[in-house]
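Quick note: to get our numbering, add 846 to the position in the sequence shown (first position is 1).
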Amino acid sequence: MGHRTVPFHDFREFLDALRSHGELIDVDRPVALELEVAKALRKSASTAGPAVVFTDNGTGFPLVGGVYNSRAKALIAFGCDEDAAYDKIITGLGNRIPPTYVTEAPVHQNVVLGDDVDLAMLPVPRYSPDDGGPYITSGFVVSHDPETGIPDIGHYRCEIVDRKTMSMMAAPGHRFAKNMAKAQRLGHTTFRGALVVGVDPMIAYACPIQTTDDTDDWEVVGGLRGEGVELVKCVTNDVAVPAHAEVVVEFEVDFTETVSEGPLGEYTGYYTPASAKPVVRPTAITHRDGAYFQALLTGRPTTENHILKLLPFEASFTHQMRQQFPTIERVSIPPSGGVFFRVVIAMRPRYAGEARSAILAAMGSNMRPKTVIVVDPDVDVHNSEEVEWALAFRTQPARDVIIVGDLPGGALDPTADESLPPDQRTGSALGIDATYPYGTVVKTVGDVCGPALAEHGKEFVEVADVPGWRDYDFPELDGK
Ligand SMILES: Cc1cc2nc3c(=O)[nH]c(=O)nc-3n(C[C@H](O)[C@H](O)[C@H](O)COP(=O)(O)O)c2cc1C
């Protein structure tokens, strides 16, 4: 695939690109928001099938779902192959570009205010039978640090409680939660933000990128897009949102009142139980003419939730870790662990114990993985069979395993003590150093390495090296 040098202007341009690649279809018959949309998206996800526009969903907005549900669509979004997408994220983090501000914006073509605000106008599906209600799973929240004003963007699930009430779930380690907690500490009773749906995919892929809490995330968006994003100030608060977004719900969190939020069938493959959370009230709904609303499937891996997190988490985590461990070559944060709970790192330790240091640093990161495995660079971190091979034959459990207790609990961990409030939950993490002990004499055969030391067993098995073997290269086996 040729590299795309110009970012998508908006969500619609991305939808056009998906359509032209045969990755977007229309369903024009009536489709129920109650589980039927989810059924279609699940079917599409299971076959890496096309995104779907549900035109007749009972509202005035076409609903499109599944736009992030496969590797192929991710590569259309990035306009390049996977390696180049990694580089794009890492280069973007080092070359941040500030946003520009406009006063007139397509997202303000329609502004719904006051008594007219009605969440039932939006096509919001219910995804799993025991969900507490319909959920906006595709939106990202823009909020500002109440002291410094630094903007943060990140995806947060949002339950529609009734026509004028929503509730959101923000894990304590994520910035929206930190911003709200700070506002409460400062004595504020409310906190304002905006929920944004339908954007240039590079904005959506920028949301999960791991950065420090003092980062203006819009600059990271600019770095990833290669040009600054156009923002416009909200109508009812000071938060700025992408001018070309499809739909924005401006809101106010009211800390003085709570409502039951949940359950939701989550990315772990389990429901998270309902609990009391602050009430969130929409203060305005703004949208473009002919706006698309977006559905996004979450549930047992792999869904578009996982694919959306995969590249940004892996690339930005690699970038963070390489600052201390420059010999890290690849990182895998696979969907089987929800793209949070399991991290596999390939590195060449430079001194004894460095792999264990990397394990502890990974456990201390905001990814809060539950299992961290470090392997030598000859093991493909994305191939679980190779990783299991390294675990089987390069480790001695009594020597190579670390267990650390009482770490912050992983977001939505179904094994956590759910009777405790989220900020009081802790968990343990397992680290496995599956690299050869430092100092092992490593024999290199092509780009494969293996130990030549007797204490690590027999020599690594090599591919038969028959002199002149290329002359009889078994063409019968090509492509098999
Ligand atoms: C589709 C999607 C939905 C998500 N939903 C939530 C959520 O409901 N609550 C939450 O705390 N994190 C959620 N996350 C994860 C955070 O958005 C992500 O970890 C982000 O990096 C956190 O923001 P921060 O890095 O600014 O702290 C979601 C991620 C994706 C891609």
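Quick reminder that beta carbons are idealized off the backbone N, C-alpha and C, glycines included.
Euclidean distance between Cα positions of residue i and residue j
| i | j | result |
| --- | --- | --- |
| Phe854 | Ser866 | 14 Å |
| Asn1025 | Asp1135 | 32 Å |
| Leu1041 | Asn1083 | 12 Å |
| Thr1281 | Ala1201 | 8 Å |
| Ala1300 | Thr1286 | Its pLDDT being 48, under 50, Ala1300 is placed unreliably by the model, and the measurement read from it follows with that caveat. For Ala1300 and Thr1286, the distance between alpha carbons rounds to 10 Å. |
| Gly1019 | Asn1212 | 7 Å |
| Ala1257 | Glu1322 | 50 Å |
| Thr1149 | Thr1164 | 23 Å |
| Leu1070 | Ala931 | 10 Å |
| Val1067 | Val1075 | 7 Å |
| Asp964 | Thr1118 | 27 Å |
| Leu1032 | Glu993 | 9 Å |
| Ala1161 | Glu1232 | 21 Å |
| Ala878 | Ser974 | 13 Å |
| Glu1357 | Glu928 | Nothing about residue 1357 can be read from this structure; the chain reaches only from 847 to 1326. |
| Lys1155 | Ile935 | 12 Å |
| Phe1306 | Phe1239 | 11 Å |
| Pro971 | Tyr1197 | 53 Å |
| Ala1262 | Val1227 | 27 Å |
| Glu1264 | Glu950 | 46 Å |
heavy atom of ligand 1 below 6 Å from residue i C-beta
| i | result |
| --- | --- |
| Tyr1117 | no |
| Leu1154 | yes |
| Arg1146 | no |
| Arg972 | no |
| Asp998 | yes |
| Tyr1002 | yes |
| Asn1151 | yes |
| Ala930 | no |
| Arg1214 | no |
| Ala884 | no |
| His1133 | no |
| Ala1120 | no |
| Met1193 | no |
| Ala920 | no |
| Lys1047 | The question names Lys, yet the displayed sequence has Pro at residue 1047. No, the Cβ of Pro1047 stays beyond 6 Å of every heavy atom of ligand 1. |
| Pro1054 | yes |
| His1020 | yes |
Per-residue DSSP class, three states only, for residue i
| i | result |
| --- | --- |
| Ser866 | helix |
| Phe1306 | coil |
| Asp879 | It should be noted that the sequence gives Leu, not Asp, for residue 879. Three-state DSSP puts Leu879 in coil, outside helix and strand. |
| Pro1268 | helix |
| Ser890 | helix |
| Ala1300 | The predicted model places Ala1300 with a pLDDT of 48, which falls under 50 and marks its position as unreliable; any figure quoted below should be read in that light. If DSSP states are grouped into helix, strand and coil, Ala1300 belongs with the helices. |
| Leu921 | helix |
| Asp1246 | helix |
| Arg1127 | strand |
| Ser1203 | helix |
| Leu1258 | coil |
| Phe900 | strand |
| Phe1139 | strand |
| Asp1279 | strand |
| Asp874 | coil |
| Ala1120 | coil |
| Asp929 | helix |
Contact under 7 Å by Cβ, residue i with residue j
| i | j | result |
| --- | --- | --- |
| Phe900 | Val873 | yes |
| Asp1063 | Asp991 | no |
| Leu1143 | Leu887 | yes |
| Ile1278 | Asp1246 | yes |
| Gln1140 | Val1043 | yes |
| Ala1208 | Val1221 | no |
| Ile1179 | Val1189 | yes |
| Glu789 | Ser1013 | Only positions 847 to 1326 of the chain appear in the structure, and residue 789 is not among them; the question remains open. |
| Ala1192 | Pro1223 | yes |
| Val1054 | Phe1171 | The displayed chain sequence assigns Pro, not Val, to residue 1054. For Pro1054 and Phe1171, no; Cβs fall outside 7 Å. |
| Pro896 | Leu921 | no |
| Val953 | Val1045 | no |
| Leu1110 | Asp977 | yes |
| Thr1272 | Asp1259 | no |
| Arg850 | Gly925 | yes |
| Val1087 | Val988 | yes |
| Pro1128 | Phe1097 | yes |
Beta carbon proximity, residue i to chain D, threshold 7 Å
| i | result |
| --- | --- |
| Pro1128 | Here there is only one protein chain, and chain D is not present. |
Distance cut-off 6 Å: residue i Cβ against heavy atoms of ligand 2
| i | result |
| --- | --- |
| Met1015 | For ligand 2, the structure offers nothing, since it holds only ligand 1. |
Q: Scan the region 1143-1194 and note each continuous alpha helix (DSSP H) run of 4 residues or more that stays entirely inside, going in chain order.
A: 1150-1168
Q: Tell me the start and end of each unbroken beta strand (DSSP E) in the region 1210-1237 that is at least 3 residues and wholly inside, in chain order.
A: 1217-1221
(Q) In chain order, what are the residue ranges of uninterrupted alpha helix (DSSP H) at least 4 long that sit wholly in the region 935-1017? (A) none
Q) Which runs of the beta strand (DSSP E) spanning at least 3 residues fall entirely within the region 1031-1116, listed in chain order? A) 1036-1043, 1076-1079, 1086-1088, 1093-1107
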